[in-house]
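Asker: Chains as they are written, first to last, in the numbering used here: chain A, 32 to 123; chain B, 21 to 473.
#1: Let me know the secondary structure DSSP gives residue 82 of chain B once reduced to three states.
#2: My parser needs the alpha helix (DSSP H) runs of 4 or more residues fully inside the stretch 304-367 of chain B; what are they?
#3: Are the stretch 40-50 of chain B and the stretch 73-91 of chain B touching, with three or more C-beta to C-beta distances below 8 Å?
#4: Could you check whether residue 427 of chain B and residue 454 of chain B sit closer than 8 Å to each other, using their CB atoms as the reference points?
#5: Would residue 303 of chain B pass as a contact of residue 270 of chain B if the rule is Cβ separation under 8 Å?
#6: Anything in chain A within Cβ reach of residue 304 of chain B, meaning under 8 Å, just list it in chain order.
#7: With a Cβ-Cβ cutoff of 8 Å, do residue 457 of chain B and residue 395 of chain B count as a contact?
#8: Tell me residue 250 of chain B's beta-bridge partners as DSSP assigns them.
#9: Mind pulling the chain B residues with CB within less than 8 Å of residue 54 of chain A?
#10: When you compare the CB of residue 47 of chain A with every CB in chain B, is at least one pair closer than 8 Å?
#11: Starting from residue 163 of chain B, trace the alpha helix (DSSP H) both ways and give me its first and last residue.
#12: Beta carbon of residue 149 of chain B, beta carbon of residue 85 of chain B: below 8 Å?
#13: The beta strand (DSSP E) with residue 294 of chain B in it runs from where to where?
#14: Report yes if the CB atom of residue 171 of chain B is closer than 8 Å to the CB atom of residue 214 of chain B, and no otherwise.
#15: Under a three-way DSSP split, which group does residue 76 of chain A fall into?
#16: Would you verify that the beta carbon of residue 91 of chain B is, or is not, closer than 8 Å to some beta carbon of chain A?
#17: For a contact meaning CB atoms closer than 7 Å, what does residue 299 of chain B contact in chain A?
#18: Would you grab the beta carbon distance between residue 279 of chain B and residue 320 of chain B for me? Rounded to a whole angstrom, and I think it's under 8 Å.
#19: Please tell me whether residue 109 of chain B has its Cβ less than 8 Å away from any Cβ of chain A.
#20: Is it true that the CB of residue 111 of chain A sits closer than 8 Å to the CB of residue 124 of chain A?
#21: Answer yes or no: does any C-beta atom of chain A fall closer than 8 Å to that of residue 480 of chain B?
#22: Between the stretch 244-256 of chain B and chain A, which residues of the former have CB atoms less than 8 Å from a CB of the latter, in chain order?
#23: Can you confirm whether the stretch 178-191 of chain B touches the stretch 250-266 of chain B when touching is taken to mean that 3 or more C-beta pairs between the two stretches lie within less than 8 Å?
#24: What are the start and end residues of the beta strand (DSSP E) that includes residue 448 of chain B?
#25: First and last residue of the beta strand (DSSP E) that includes residue 443 of chain B?
#26: Any residues in the stretch 32-57 of chain B with a beta carbon nearer than 9 Å to a beta carbon of chain A? Which ones, in chain order?
#27: What does DSSP give as the partner residue(s) for residue 156 of chain B in the beta ladder?
#28: Spatial neighbours of residue 91 of chain B within its chain, please: C-beta separation below 8 Å, excluding the five flanking residues on both sides.
#29: Since residue 151 of chain B contacts residue 22 of chain B with CB under 8 Å, what's their CB separation in whole angstroms?
Below you can see the structure in the form of structure tokens.
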């Protein structure tokens, strides 16, 4: 079963969010190399109204990671082991 | 007291006559002068021109030379990806890609973009140093360690803590040397910007950050300069351990409650900076949203040991009108700002004021942003409600919300400079001050007596 990951960020992030967004993208790239069944979609918000159309986004702090419609993080660097556990759980 | 003195007093946690204001202008300066963020960060003339434009438009009490948390990382070998509208991002981590700590050397004035930034700093100190406080922003040791090592550092903190200590010791030396280089250019304040510490617990902070960051603040203090610790993200849990590192100031973003941070910081004699919301308010909000937020934060922060500032560096596309709206609150010029804001339609609005002198009641006009959303406005209206109890036959009051153009026109006609203001019989009496119910009651009773009611 495929796993759909959405990473939501602002198109105009502050320096701190920018650093976290960069690290999240690196983590996602590593997962993508490891697990071919992952589909990663990056959304960069230009207008606050856009957030209402993002499925699963509940906490509006960025960058946010959403896995198969469920938000996992909001503005924090994810725990990689925990993230991997969730991804593998979603395949079952 | 000029702007610089005002800020330097506030940062030392002293009471001042006006809350100082520091817009964190980094890549936003590029948009002000019409160049890309990449061009701005690589050119000392653009950095100076951008800061001078911000100085002219935003009338700050302090300004950073620039806001670049990748400067040290780049000089240490991290590859950066530059952007048109954002600060650069770190795209490689040397210590996760085969290099060892022994391969890295502490950046000097000759390395990376330091010659550009330090040249800009010298020029800005020359141009603005007698007027406002110039901030030199230095990356904090933990965020630098993350740049050098990548996210593996979080696992290493558990599995190989001694390796993290070695790395933090190196990063401390880098931060301290950057602070020295900035101080040598004549800046007034060194801000150690360590946003990634919001990602760790207080115990990890005390183990891996405090021992390395505290000596940096001691060093800055010994050099006779003021210091600040900037953090972004939800650092609520870490505010107390940050205080124990003894900076003069802690600057927080919107994820931390300003009232809470102020309470903890003041306990340690530390001032607090912040925390206008960057996205919802500054980037996407309206000028009125920005006025409301500045009013609320200034009410919470007060005039002792509070510096009004955005939560982090302002986004490239922040509308200058929103920033100017904040400036109008800082300087008590909301009416003037609103008049400019609605200039095109203002002339069509004609507000007729009552003949106050001959009215058979004392008339209170309460000029607010909106007592339902602006805390100081709410307290003002509540004070009026309580003060007029039992005097309803002699006193009439009404709230005028400047969200409505008619109210702005009334505000201007009444010569009210700022909000919230209580006018009594057409005269602004309590301007941006919330009187006690007792004081207000006395003033109203005098007005009643003067009218012979």
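C-beta: ideal position from N, C-alpha, C; glycine also.
Answerer: In short, the structure shows the following:
#1: Along the second chain, read from residue 1 onward, the residue named residue 82 of chain B stands at position 62. Strand at residue 82 of chain B.
#2: 307-321, 340-350, 354-361, 363-366
#3: yes
#4: Residue numbering aside, residue 454 of chain B sits at position 434 when the second chain is read from its first letter. Residue numbering aside, residue 427 of chain B sits at position 407 when the second chain is read from its first letter. No, they are not a contact pair.
#5: Here the question's residue 303 of chain B lines up with position 283 in the second chain. Here the question's residue 270 of chain B lines up with position 250 in the second chain. Against a cut-off of 8 Å, the Cβ pair of residue 270 of chain B and residue 303 of chain B comes out as no contact.
#6: Taking the second chain and counting its residues from 1, the one referred to as residue 304 of chain B is at position 284. Simply 78, 79.
#7: Translated into the one-based positions of the second chain, residue 457 of chain B becomes position 437. Translated into the one-based positions of the second chain, residue 395 of chain B becomes position 375. Their beta carbons are not under 8 Å apart, which means residue 457 of chain B does not touch residue 395 of chain B by this criterion.
#8: What you label residue 250 of chain B is simply residue 230 of the second chain in a count that begins at 1. Answer is B:213, B:271.
#9: Residue numbering aside, residue 54 of chain A sits at position 23 when the first chain is read from its first letter. Under the 8 Å cutoff, chain B gives 166, 170, 171.
#10: Here residue 47 of chain A is taken as the residue at index 16 of the first chain, counted from 1. Judged by the 8 Å Cβ criterion, residue 47 of chain A is in contact with chain B.
#11: Within the second chain, residue 163 of chain B is the residue found at index 143, counting from 1. 161-169 is the span of the alpha helix (DSSP H), which, as asked, contains residue 163 of chain B.
#12: Here residue 149 of chain B corresponds to residue number 129 of the second chain, with the count starting at 1. Here residue 85 of chain B corresponds to residue number 65 of the second chain, with the count starting at 1. Cβ distance not < 8 Å, so residue 149 of chain B and residue 85 of chain B don't count as in contact.
#13: In the second chain, residue 294 of chain B corresponds to position 274, counting from 1. Looking at the DSSP string, the run of the beta strand (DSSP E) that includes residue 294 of chain B is 291-296.
#14: One-based indexing of the second chain puts residue 171 of chain B at position 151. One-based indexing of the second chain puts residue 214 of chain B at position 194. Taking 8 Å as the Cβ cut-off, residue 171 of chain B and residue 214 of chain B do not qualify as a contacting pair.
#15: Walking along the first chain from the start, residue 76 of chain A turns up at place 45. Looking at residue 76 of chain A - three-state DSSP - the assignment turns out to be strand.
#16: Counting from one through the second chain, the residue named residue 91 of chain B turns up at place 71. For residue 91 of chain B, the answer is no, since every Cβ of chain A falls outside 8 Å of its Cβ.
#17: Your numbering for residue 299 of chain B matches position 279 in the second chain. Those within 7 Å of residue 299 of chain B in chain A are 41.
#18: For the purposes of this step, residue 279 of chain B is taken as residue 259 along the second chain, with counting starting at 1. For the purposes of this step, residue 320 of chain B is taken as residue 300 along the second chain, with counting starting at 1. With a Cβ gap of about 5 Å, residue 279 of chain B and residue 320 of chain B count as contacting.
#19: Within the second chain, the letter at position 89 stands for residue 109 of chain B. By this cut-off, residue 109 of chain B is an interface position.
#20: There is no way to answer for residue 124 of chain A, as the model of chain A reaches only from 32 to 123.
#21: Outside the shown range of chain B (21 to 473) lies residue 480 of chain B, about which nothing can therefore be said.
#22: 252, 253, 254
#23: no
#24: Translated into the one-based positions of the second chain, residue 448 of chain B becomes position 428. Counting along the chain, the beta strand (DSSP E) containing residue 448 of chain B begins and ends at 447-451.
#25: To locate residue 443 of chain B, count along the second chain from 1; it is residue 423. Residues 441-444.
#26: 44, 46, 47
#27: Walking along the second chain from the start, residue 156 of chain B turns up at place 136. Answer is B:210, bridged to residue 156 of chain B.
#28: Stepping through the second chain from its first residue, residue 91 of chain B is reached at position 71. Closer than 8 Å at the Cβ level, and outside the excluded window around residue 91 of chain B, lie 132, 133, 134, 137, 159, 198.
#29: Start at 1 with the first residue of the second chain, and residue 151 of chain B comes out as number 131. Start at 1 with the first residue of the second chain, and residue 22 of chain B comes out as number 2. The Cβ separation is near 7 Å, so the contact holds.
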